[in-house]
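This note's numbering applies: residue 287 is where the sequence shown begins, and numbers increase by one.
Glycine included, every Cβ here is placed at the ideal spot set by N, Cα and C.
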Amino acid sequence: NKTLPKAKEPKNRTNIMWQKHLKYPTINILNKLYRTGIKLSDLDNLDSQQQLENIELMRRKLGTKHDLDIQPYPEKGSIINTQPNGITQIITDPILIKDKVKDHLYQWTKGIEIDSSIKNTRWENRYKPIPSINIEIYDPLLKEINKEEIKTVIKLMSNNKAPGPSLIPYEIFKHLDEHGLEMM
């Protein structure tokens, strides 16, 4: 990679301190694996015991003190469940898998109780009517729209305008009968 040596140059070092990145040990191990010719994709075709042996071999070969984050892939259609007492079981029954996933998501989204009095007072204060504004100012806005107002607005619309969100051209509104106006 041509950019990596440039990143290590003193003039470029001010912004790039990649050695301090949280994932640096993992990236470093993966680079060492790549140089030794071991590909992680090779682990896909092996059974679990062979995968564990290969991972242990990689650990010894690299001589690293970091715990590799590489784990064997479980078979498709199975879940590896480790119980609190340390016993590991593999679940392959589709119904039990669905139940386990449902239970996990339920526990994950359970959350904490929220005090509704705290939550509501903030928004109540925010949207409380302003006392200096007369409440009657909103009365014309809340009044029901009659047919005559609708007819007046439709007559004022231009025929050659682009339609609104309904994609109905304004010319269609101009040809509505009494029943159509009532529906509006």
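- Query: Quick one: Cα of Lys433 to Cα of Leu467, how far?
  - Reply: Between Lys433 and Leu467, the C-alpha separation is close to 6 angstroms.
- Message: Please state whether the Cβ-Cβ distance between Ile383 and Ile377 is less than 7 angstroms.
- Response: With contacts defined by Cβ atoms closer than 7 angstroms, Ile383 and Ile377 form a contacting pair.
- Query: Thinking C-alpha only, which one of Tyr456, Ser452 and Met470 is nearest Asn446?
  - Reply: Ranking Tyr456, Ser452 and Met470 by Cα distance to Asn446 puts Tyr456 first.
- Item | Straight-line Cα distance separating Tyr392 from Ile431 | Going by C-alpha positions, Ile431 is about 48 angstroms away from Tyr392.
- Task: Indicate whether Lys388 and Ile365 have their beta-carbon atoms separated by less than 7 angstroms.
- Result: Not in contact: Lys388 and Ile365 (Cβ atoms no closer than 7 angstroms).
- Query: Considering only the beta carbon of each residue, do Ile436 and Lys460 sit closer than 7 angstroms?
  - Reply: No, the Cβ-Cβ distance between Ile436 and Lys460 is not below 7 angstroms.
- Item | Residues near Thr438 by beta carbon distance below 6 angstroms, same chain, minus five either side | If the five residues before and after Thr438 are omitted, its C-beta is found closer than 6 angstroms to no C-beta atom of its own chain.
- For Asn367, the three-state DSSP class (helix, strand or coil): DSSP places Asn367 in strand when its eight states are reduced to three.
- Query: On the three-state DSSP scale, how would you describe Thr438?
  - Reply: Note: Thr438 maps to helix in three-state DSSP.
- Task: My understanding is that Pro415 touches Ile421, with C-beta atoms under 8 angstroms, so please give their C-beta distance in whole angstroms.
- Result: Between the beta-carbon of Pro415 and that of Ile421 there is about 7 angstroms, and that keeps the pair under the 8 angstroms contact cut.
- Item | For Ile376, the residue or residues it bridges with in DSSP | DSSP lists Ile366 as the bridge partner or partners of Ile376.
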